[in-house]
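Enquirer: Quick mapping for you: the protein sequence lines, in order, are chains A and B. Note that my numbering has the first sequence beginning at 1, numbered continuously upward. Note that my numbering has the second sequence beginning at 1, numbered continuously upward. Using N, Cα and C, we set each Cβ at its ideal position, and we do this for glycine too. Encoded as structure tokens, here's the structure I'll be asking about.
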Amino acid sequence: MARITLDHIRHAYGEKPKSEADYSLKEVHHEWNDGGAYALLGPSGCGKTTLLNIISGLLQPSEGRILFDGKDVTYLSTQQRNIAQVFQFPVIYDTMTVYDNLAFPLRNRGVAEPEVDRRVREILEMIDLSSWAKKTARGLTADQKQKISLGRGLVRNDVNAILFDEPLTVIDPHMKWVLRSQLKKLHRQFGFTMVYVTHDQTEALTFADKVVVMYDGQIVQIGTPAELFEKPSHTFVGYFIGSPGMNVLPAAIDGSSIKVGEQTLDLGYKPTVAVGAKTELGIRPEFITLSRDGMPVSINKVEDIGRQKIVRAEFAGKPIAIVVPEDGEIPADPRVTFDPTAINIYADSWRVGREG
Amino acid sequence: MNKTWNNKAWFMVLPVLLLVAFSAVIPLMTVVNYSVQDTFGNNQFFWNGVGWFSDVLASDRFWQALGRNLLFSGIILTIEIPLGILIALNMPKKGLGVPFCLVLMALPLLIPWNVVGTIWQVFGRVDIGLLGRTLDALGISYNYVNNVFDAWMTLIVMDVWHWTSLVVLLCYAGLVSIPEAYYQAAKIDGASRWAVFRYIQLPKMKRVLLIAFLLRFMDSFMIYTEPFVITGGGPGNSTTFLSIDLVKMAIGQFDLGPAAAMSIIYFLIILLLSWIFYTVMTSSDEQA
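Written out as structure tokens, the structure is:
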């Protein structure tokens, strides 16, 4: 178990990167606390897997250093770093039995056979494959195979960290839930540092204490699920977290008042905005109230998703989404009000704070 | 899913059926025909039953030739399969080296059998051949024309030179199909180089290795052209393989009956051995 420090890491896959665009990982500077459960969330191709492989040592970063508990491990091999990693698609040794598959990482490290047996049986129990122990791993289904991959990642109890690279993609929904809660339980029990890569926000929000959102090769926000929801620091986070995502509307800022289309709102504070920046207003669909008072909108479509309704409307010439309770009424002459405390202001896509 | 049955589809197979009939089945039946009949010329044949077969099976000449075949196939398989795997493992997986190595490996396979034979025949000659002269200059006595050991060595080295590439290319194809994630997982699991080979590469190469093994076995068991060109079956009868003996009997002595019987036995041996190898090597698949 260790605190993992990423010291100004950059990575480019090609030789001799020329411009910023050549880097698949742009300057990442971050510390993963010992025993933390982190989710690394972001769309496909944003550099999540690259970052993970750099931590585990499968990849050498083009620039920067990696430290485990303050010790530089940048040039150490994967094995020396003592990290467990589970991959997106199942990797099994198909000439071995299920039992031997799980014992493999332990035996390679010369763990004594009684200890191997104890650990393997524990894991077999956890992934619910005890009855398969003596069978060869070849005839298993995809999700059983993935459970073995997962098990191989969890079988060592002395690892510095366990990294999961979208490990539950091929697992069916119910099993997903079961395995995720087992991972959480394991985390509480042994306090491994865990980094969990996913592009599924539910998975990220339920698994992690802290969610790291990546976009286009950089970390755009690190925070608790609540922070990500209430104060997205980048319009991408607003859009990516939440369903439907945050409404982002172009807005003109003048002192403490903002103008969206023809409508003017008062913020009650003066946002710090650099001159010439592209300014936007962000508000989550949950914080817009649909009633007979307020600013006019025109409704395009109402989607009933069970516990609530999502209203697709047009406000000041821009499409917005509004969440209305299941029993909420939709007036004939609809108007909206924005909860002023839930409004975030963005300059060039980054959230700005208040001034004085 | 519902399968559509349409018996007209059989017509599609007809051309191939005709082709195979004329190129393989009918000639083979002619051989069967000869093997059970005897003739004193004038195109008059009479029934001889299994006479030729028992003659062939009772002759030392046949068993000795069969022994040579088995020894030869055994030796070249023991060399070519491990050597082929070793070379394939060390070939580059990406970059400019890939096409270079592939072409280099494919070159010997593109040379016709008799040319290969001629190359080595000349190469090994003590009077003008590079190999023969060099060995001679080094003080090593080498002469494939009158020394049994040298003749065998020449044939074996030639076959290894000619055919190891096939094993290499097949193994290489098996190796490059292994996803990168397997190697990454092995690193994470702390697997040694040997464990990676034993538990990842070898199982993934198993199928292509089976094909390589069968192809090399059948081909080496039927070897004819190269020993015919290089040693002509000598010195003495030391490199007279079944195929060479067969041609001597059929074309040289014009003993069509015994030659036909021997052909069929020869064919059945290859069929039987290939079947045994295939069954043994795929049996572990079915346990899963």
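#1: Let me know the secondary structure DSSP gives Tyr-215 of chain A once reduced to three states.
#2: Could you tell me whether any Cβ in chain A is nearer than 7 Å to the Cβ of Tyr-199 of chain B?
#3: Does any CB atom of chain A fall closer than 7 Å to the CB of Gln-184 of chain B?
#4: With DSSP collapsed to three states, give me the class of Ser-19 of chain A.
#5: Alpha carbon to alpha carbon, how far is Ala-24 of chain B from Gly-95 of chain B?
#6: Tell whether a beta-carbon distance below 7 Å holds between Ala-88 of chain B and Leu-175 of chain B.
#7: Please report whether the beta-carbon of Tyr-93 of chain A lies at a distance below 7 Å from any beta-carbon of chain B.
#8: In terms of alpha-carbon separation, which member of A:Asp-158, A:Arg-188, A:Leu-129 and A:Val-260 lies closest to Gly-317 of chain A?
#9: At a Cβ threshold of 7 Å, is Ala-288 of chain B touching chain A?
#10: Kindly indicate which three-state DSSP category Asp-117 of chain A falls into: helix, strand or coil?
#11: Can a CB atom of chain B be found closer than 7 Å to the CB of Arg-109 of chain A?
#12: How is Met-194 of chain A classed by DSSP in three states: helix, strand or coil?
#13: According to DSSP, simplified to helix, strand and coil, what is Trp-5 of chain B?
#14: I need the straight-line Cα distance from Gln-308 of chain A to Pro-334 of chain A, nearest angstrom please.
#15: List, in chain order, every chain A residue whose beta-carbon is nearer than 9 Å to that of Pro-258 of chain B.
#16: Does the pairing of the segment 108 to 122 of chain A with the segment 187 to 195 of chain A give three or more beta-carbon distances under 8 Å?
#17: Tell me the residue span of the alpha helix (DSSP H) that contains Asp-128 of chain A.
#18: Which of the residues in the segment 301 to 313 of chain A, read from start to end, lie with their CB under 8 Å from any CB of chain B?
#19: Among the candidates B:Asp-255, B:Gln-44 and B:Arg-193, whose CA atom is the shortest distance from the CA of Gln-79 of chain A?
#20: Let me know the secondary structure DSSP gives Gly-238 of chain A once reduced to three states.
#21: Spatial neighbours of Trp-113 of chain B within its chain, please: CB distance less than 7 Å, with the 5 preceding and 5 following residues excluded, ordered by chain position.
#22: Quick check: the Cα distance between Lys-206 of chain B and Ile-270 of chain B, rounded to an integer number of angstroms?
#23: What's the call for Gln-44 of chain B, buried or exposed, on a 16-neighbour Cβ count within 10 Å?
#24: If I follow the unbroken alpha helix (DSSP H) through Gln-184 of chain B, where does it start and stop?
#25: Which residues in the same chain as Gln-287 of chain B place their Cβ atom closer than 8 Å to its Cβ, once the five residues preceding and following it in sequence are excluded?
#26: Short of 7 Å in beta carbon distance, which residues of its chain neighbour Asn-300 of chain A, apart from the five on each side in sequence? Order them along the chain.
#27: Go to Glu-203 of chain A, then tell me how far its alpha helix (DSSP H) extends in each direction, as first and last residue.
#28: For Leu-106 of chain A, would you say it is in contact with chain B, using Cβ-to-Cβ distances shorter than 7 Å as the test?
#29: State the Cα-Cα distance for the pair Ile-222 of chain A and Thr-141 of chain A, rounded to the nearest angstrom.
#30: Enumerate in chain order the residues of its own chain whose CB-to-CB distance from Ala-103 of chain A is below 6 Å, with the five nearest sequence positions on each side excluded.
#31: Do you know offhand how far Asp-200 of chain A's Cα is from Thr-4 of chain B's?
#32: Using a C-beta cutoff of 7 Å, does Ala-348 of chain B count as contacting chain A?
#33: In chain order, what residues of the same chain lie with their CB nearer than 8 Å to the CB of Ala-290 of chain B, ignoring the 5 residues before and after it?
#34: Could you pull the DSSP bridge partners for Glu-80 of chain B from this structure?
#35: For the segment 123 to 141 of chain A, which residues have a beta carbon sitting closer than 7 Å to at least one beta carbon of chain B?
#36: State buried or exposed for Asn-69 of chain B, treating a residue as buried only when at least 16 other CB atoms are found within 10 Å of its CB.
Expert: So, from the listed chains and residues:
#1: Collapsing the DSSP output to three states places Tyr-215 of chain A in a strand.
#2: It does: the Cβ of Tyr-199 of chain B has a partner Cβ on chain A nearer than 7 Å.
#3: True, the Cβ-Cβ gap to chain A drops below 7 Å.
#4: If DSSP states are grouped into helix, strand and coil, Ser-19 of chain A belongs with coil.
#5: Their Cα atoms are separated by approximately 44 Å.
#6: Remark: C-beta atoms of Ala-88 of chain B and Leu-175 of chain B approach each other more closely than 7 Å.
#7: For Tyr-93 of chain A, the nearest beta carbon of chain B is closer than 7 Å to its own beta carbon.
#8: When only C-alpha atoms are compared, the closest one is A:Val-260.
#9: Confidence in Ala-288 of chain B is poor, its pLDDT being 39 and thus under 50, which makes the residue's placement unreliable; the coordinate value appears in the next sentence. Yes, contact with chain A.
#10: Assignment of Asp-117 of chain A by DSSP, reduced to helix, strand and coil, places it in the helix class.
#11: Yes, contact with chain B.
#12: The answer is strand: DSSP assigns Met-194 of chain A an E or B state.
#13: Coil, per DSSP.
#14: C-alpha separation (whole angstroms): 18 Å.
#15: For Pro-258 of chain B, there are no neighbours in chain A by C-beta distance under 9 Å, as the nearest C-beta there is about 48 Å away.
#16: Note that the segment 108 to 122 of chain A does not touch the segment 187 to 195 of chain A; fewer than 3 beta-carbon pairs, one per stretch, sit closer than 8 Å.
#17: Run containing Asp-128 of chain A: none; DSSP gives neither H nor E here.
#18: Under the 8 Å Cβ criterion, the segment 301 to 313 of chain A contributes no residue.
#19: For the residues B:Asp-255, B:Gln-44 and B:Arg-193, the minimum Cα distance to Gln-79 of chain A belongs to B:Arg-193.
#20: Three-state DSSP puts Gly-238 of chain A in a helix.
#21: Excluding the 5 residues flanking it on each side, Trp-113 of chain B has same chain C-beta neighbours closer than 7 Å at Thr-225 and Glu-226, in chain order.
#22: Between Lys-206 of chain B and Ile-270 of chain B, the C-alpha separation is close to 22 Å.
#23: The residue is exposed, with fewer than 16 neighbouring Cβ atoms inside 10 Å.
#24: Judged by DSSP secondary structure, Gln-184 of chain B falls within the alpha helix (DSSP H) whose first and last residues are 180 to 188.
#25: The pLDDT assigned to Gln-287 of chain B is 44, lower than 50, so where the model puts this residue is not dependable, and the model offers no usable value.
#26: So the qualifying residues of the chain are Arg-312, Ala-313 and Glu-314.
#27: Secondary structure note for Glu-203 of chain A: its alpha helix (DSSP H) is the uninterrupted segment 201 to 207.
#28: Answer no: the Cβ-Cβ gap between Leu-106 of chain A and chain B never drops below 7 Å.
#29: Answer to the nearest angstrom: the Cα atoms are 36 Å apart.
#30: Taken in chain order, the residues that qualify are Val-116 and Val-120.
#31: Rounded to the nearest angstrom, the two C-alpha atoms are 42 Å apart.
#32: The question about residue 348 of chain B has no answer here: the residues shown for chain B are numbered 1 through 288.
#33: Here chain B covers residues 1 to 288 and nothing more, so residue 290 of chain B does not appear.
#34: DSSP, once it has assigned bridges, lists no residue as partnering Glu-80 of chain B.
#35: Those would be Thr-136, Arg-138 and Gly-139, in chain order.
#36: Asn-69 of chain B comes out buried.
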